[in-house]
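Sequences listed follow chains A and B, in order. Mapping to my numbering: the first sequence position 692 is 775, numbers consecutive. Mapping to my numbering: the second sequence position 51 is 110, numbers consecutive. A virtual CB, placed ideally from N, CA and C, is assigned to each residue, including glycine.
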Amino acid sequence: MSERDRAMRLPVQPGEVINRAEPLEFTWNGRRFRGYAGDTIVSALAAAGERVFSRSLKYHRPRGLLTASFHDPGCMVQVGDEPNVRGAHRLVAAGLAVTAQNTWPSLRLDAKAVNRLAGRFLTAGFYYKTFMRPRFLWPAYESVLRKFVHAGTVSPSTTPARPDKRHAHPDVLIAGGGPAGMAAALSAARAGASVLLVEEEHALGGHLRWGGPDDLAALAELAGLLAAEPGVEVLTDAVVLGRYDANAVAILDRRHGGAEAERLIRVRAKTLVVAPGLIERPYVFAGNDLPGVMLSTAVRRLINLYAVKPGRRAVVLTANPQGDAAIADLKRAGVEVVRVEDARRGGDVTAAIGRTGVRAVQVADGTRVDCDLLVTAVGWTAPTSLLNAAGDRPVYRPQAARFFPDAARLPEDVLVTGGIAGDGSLEELTRHAAAVGAEAARRAARIAAARIAATPTAAAGEPGPGASPAAAVSHPDLPELPVDAHPELFAGRTNGFVDFSEDVSAKDLRAAVAEGFDGAELAKRFTTATMGPLQGKLETVNTVAVVAAATGASIAETGTTTWRPPYAPVTLGALAGRAFDPVRYSPMQPWHEAHGAVPLVAGAWIRPDRYGDAAAEARNVREHVGIIDVTPIGKLDLRGPDVPALLNLLYVNKWSKLGIGRVRYGVMCADDGVVLDDGVTGRLGDEHYLMSTTSSGAATIWEWAENWLQTEHPDWRVHVTPVTTAYASMNVAGPESRRLIERVTKGVDLSNEAFPYMHVRTGQIAGVDDCVLWRIGFTGELSYELHVPAGYGLHVWETLLEAGADLGIRAFGVEAQRILRLEKGHFIVGQDTDGLTRAFSAALDWAIKLDKDDFVGKPELAWQAADGSGPRLVGLQPADHSVVPEEASLIVEGSHIAGRVTSSRMSPTLHRSICLAQVEARLAEPGTEVTVRLPGGRLIAATVMQQLAHVDPDGERMRV
Amino acid sequence: MRKDLVMILLPCAWCGPRDATEFAHIGEVSARPGPDEVTPGRWRGYLYLRANPCGWTRETWYHRMGCRRYITVERHTQTNEIRSVSAAGATVEVPEPSA
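Have a look at this one:
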């Protein structure tokens, strides 16, 4: 124990929260310090005699303990890699490396404190005005100013914490775990409600924790009753961030998972009880930010919770019983109280004097009193944040010198109790809270019943909210809390800081008013008062008071600035929560992994991009037979008599006469005529169809079909069932594919005559019943697409590879398929089309049937057909066979952009580069020479081809 | 007025009050003109123009994380109050968008 520790650490206090049996060592700016488990960083440092914990934002003034709570403006520190830690809240832990922020070269000798000398030039709006001109110099200004900004440092190598999320649905949510919150929780739970009680500090109890023996006894009794109540969940070191419509509430649970990983709890509470108590307000006078100037609650916390002597010689300015109690605490702690200024009898303080801490205080009668501690107890601020979000506009009551919630403006599901609602003895407070808690439970039950009644039932017939609109509900009158008289003390006779976080003084605010920013909201924005890390918790009412005095309006007329969520800072990590990126694998994934598949992320799916050389895989398909896993292809099972009508509506082509066993390719557009999706649909039975969609469109097209059915044609009888993952899908392609399929299939005649191109059959493959076989050809080869019940996917896959070994079968990946389809000239939606590509721009003239009565996108396509507008999709071949223009390379005419390459590959079949391109319609004529600008700027010549297909344009290979 | 049934809590016609995050907001109900006689101006109004009123509006929501039904909701855009809910397509009468 060091010299100074002995000096400031008190003997055991009855309510202390430190565990003296568990000493801890940590460092502060590189020096070793000792504290106890239960100490905050700052209480441990204060016990060791430290007084300065940070430097202020603009003037780099030394700052110390003011509130000894989370919301202490002078106690933001850096802990390891974590900046902006609230040092008067964060508990000390063994080995913590704590450093001061915003200091250079050191906390004691801060070079930036020269700003203090320049203080009279750094008035409100200084930055706005001074660094505005000349504009081109702003980057230079900014780089210098940034070094003066109040913030810690973040190391890019820090391991990110793993924040988490939780959802909660309590009947009653209580914000604030002081005596009122505890009593409300107790009575709500006893009335049968499930209760979530949230307290920002490390323990329940509020001001009882740092009170006298009676307070501690009352706290022990409440805590005991609460612990025995099973319906209450208590969260400490958690803060209610905001309240949104219908009591959607966000809570930040700081305790979850240790200091670094926070958890966001999304709550839907039936009723919300707001019981945050009151925040003690600082007093505005010269030197009010010096280390050694503390609020009465800070002094009481230090002494009673942490057994730390806050100073040696104290002057106390008191205007209320809390201040009086602080005097008693100080005396008990052995602090010499050299002067008490009682504001109720005209006492006042005009200045605190000192450089790095209080050395003397000048009081009302002009006497200068030597001391190292000045305690002020001048009144309270009601933290109305959550109430504001529920529609409340706080009302100022001059006789109590604080704002009160306007209960009449609150919705039924928000109630208020505790110090924010009024004063009174502990008994009066807890009695009020108990009544509010019981009422909150009653209203929660009523709201729950109304929601259940609003839930349609099968018996009710027509859908719709079943319950009749709620009749006006009468609420019993809740007891009123008394309101104690309190002198109005905001800004004293001298100038001091109103906003400690932003270094805004009363003088700055008066200057803002003089410049015409003559309302609280205007002055706030101009001076940034209340806009710092504390968000107005200490500063709002003083800001309003100074602005009111300067404008000559009353505080009530001036009104308070609006509190907005979040109530306390929240990390972006906590808002983001854990990363939930679902990943999908096909049933054949184990085989892919065992055979060296290079993974490709395709939406939610992980697919084999290639197993080795993609070009060799593609060649093998053209020469022998290949097999590819196409499980992600979207599959919709369509049943009902009106399926043809649905297909006719969704696809641009005609579907009325599709025979059983037939397959047709179709393209879907949106109503703006833009290509949405494509795929094949086959007719399996009289009223049974199977639709395939693109892999990425699987979910969209299901909802698309449902949307048209439900909103435009609810009379059509169609059932749409997504079966994408019910089947494992694989495509067997290549000249040997029929021979291979014949070896494993039963019950299907595979001859070209019995099962020709663009037909579908069902049968048994590799012993698996109910498989679907499609004769289609994305690759341009003879090929069979097999849909196999997903559980048998791997079995069928392995059987096919085994059975085809002598035929030269090889698995191929997405890249080989992309090569093959490009050789064949098949476009890919989203690759060769974009969000503006209408169907005639995708070379779909042959498919679009404008003589159909209706289909989605028909008018736009009719107009496109008439005016010929929009680009055209063409096949393109560079003159230099070896140059593969990168996809998205521009097609240019001088400086004019006339198109772009949408797909390009080296063709292993043709041994030359091949492309698809979108070009202006006038360039779409076969044989047109165009110029392609490569990304490096080089220009190459290319020729527009007769058709999209580079290989087998007549489609003979797939029809054999 | 059903103050408990405001936004963020959306009364599905089939499931009752549910968190709005379960739904996809499809947009204002915009009547689809007949495709044959329609003028480009009228059609593109259907595609792109929305009244976006400060007041009552009819819109389609899709209960994506629930029953997967599309519903028509009459909602007040200022207060988020909801006046009626019905299955989409059941009784859709689209008010003429004001000029």
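Taking all protein chains shown into account, do 16 or more other C-beta atoms lie within 10 angstroms of the C-beta of residue i, making it buried, or fewer, making it exposed?
| i | result |
| --- | --- |
| His84 (chain B) | exposed |
| Phe663 (chain A) | exposed |
| Ser820 (chain A) | buried |
| Thr828 (chain A) | buried |
| Leu250 (chain A) | In the sequence as displayed, the identity of residue 250 (chain A) is His instead of Leu. Exposed is the call here. |
| Ile711 (chain A) | buried |
| Arg693 (chain A) | buried |
| Asn185 (chain A) | buried |
| Tyr107 (chain B) | exposed |
| Lys414 (chain A) | exposed |
| Val323 (chain A) | buried |
Flag residue i as yes if its beta-carbon sits less than 8 Å from any beta-carbon of chain A, otherwise no.
| i | result |
| --- | --- |
| Cys113 (chain B) | no |
| Leu106 (chain B) | yes |
| Arg128 (chain B) | yes |
| Arg109 (chain B) | no |
| Lys62 (chain B) | At Lys62 (chain B), the pLDDT of 42 sits below 50, so the modelled position is not reliable; the number obtained from the coordinates is stated separately. Lys62 (chain B) counts as touching chain A. |
Below 8 Å between beta carbons: does that hold for residue i and residue j?
| i | j | result |
| --- | --- | --- |
| Leu741 (chain A) | Cys752 (chain A) | no |
| Gly817 (chain A) | Glu864 (chain A) | yes |
| Arg576 (chain A) | Thr464 (chain A) | no |
| Arg246 (chain A) | Ala659 (chain A) | The sequence as given places Pro at residue 246 (chain A); Arg does not occur at that position. Result yes, Cβ atoms of Pro246 (chain A) and Ala659 (chain A) sit closer than 8 Å. |
| Ala171 (chain A) | Asn112 (chain A) | no |
| Gly579 (chain A) | Ala369 (chain A) | yes |
| Ala151 (chain A) | Met91 (chain A) | no |
| Ala925 (chain A) | Phe910 (chain A) | yes |
| Gly953 (chain A) | Gly908 (chain A) | no |
| Leu456 (chain A) | Ala397 (chain A) | yes |
| Leu877 (chain A) | Tyr867 (chain A) | no |
| Ser986 (chain A) | Cys998 (chain A) | yes |
Mind pulling the chain A residues with CB within less than 7 Å of residue i?
| i | result |
| --- | --- |
| Thr136 (chain B) | What Thr136 (chain B) touches in chain A: nothing, since even the nearest Cβ is about 13 Å away. |
| Thr119 (chain B) | Thr794 |
Which chain A residues are close to residue i, counting only those with a beta carbon under 9 Å from its beta carbon?
| i | result |
| --- | --- |
| Val132 (chain B) | Residues of chain A passing the Cβ test: none, with the nearest at roughly 11 Å. |
Under 8 Å between C-beta atoms, does residue i make it to chain B?
| i | result |
| --- | --- |
| Lys941 (chain A) | yes |
| Ala554 (chain A) | For Ala554 (chain A), the pLDDT reaches just 45, beneath the cut-off of 50, and the residue's location in the model is therefore unreliable, leaving the point undetermined. |
| Thr804 (chain A) | no |
| Arg525 (chain A) | no |
| Arg534 (chain A) | yes |
| Asn102 (chain A) | no |
For residue i, which residues in chain B fall below 8 Å Cβ to Cβ?
| i | result |
| --- | --- |
| Pro539 (chain A) | Ala72, Trp73, Cys74, Gly75 |
| Tyr327 (chain A) | Ile67 |
| Asp755 (chain A) | Leu106 |
| Arg351 (chain A) | Leu68, Asp78 |
Residues of chain B with CB closer than 7 Å to the CB of residue i, please, in chain order.
| i | result |
| --- | --- |
| Ala331 (chain A) | Ile67 |
At 9 Å on the CB atoms, spell out the chain B contacts of residue i, in chain order.
| i | result |
| --- | --- |
| Asp937 (chain A) | Gly93, Pro94, Asp95 |
Please decide whether residue i counts as near chain E, where near means a Cβ-Cβ distance under 8 Å.
| i | result |
| --- | --- |
| Arg476 (chain A) | Absent from the structure is chain E; the protein chains it does hold are A and B. |
* To do: Could you name the residues of the stretch 781 to 795 of chain A whose beta carbon sits closer than 8 Å to any beta carbon of chain B, in the order they occur along the chain?
  => Here the close residues are Glu786, Glu789, Asn790, Gln793, Thr794, Glu795.
* Near-chain B residues of the stretch 945 to 959 of chain A (beta-carbon distance less than 9 Å), N- to C-terminal order -> Correct list: Ala945, Trp946.
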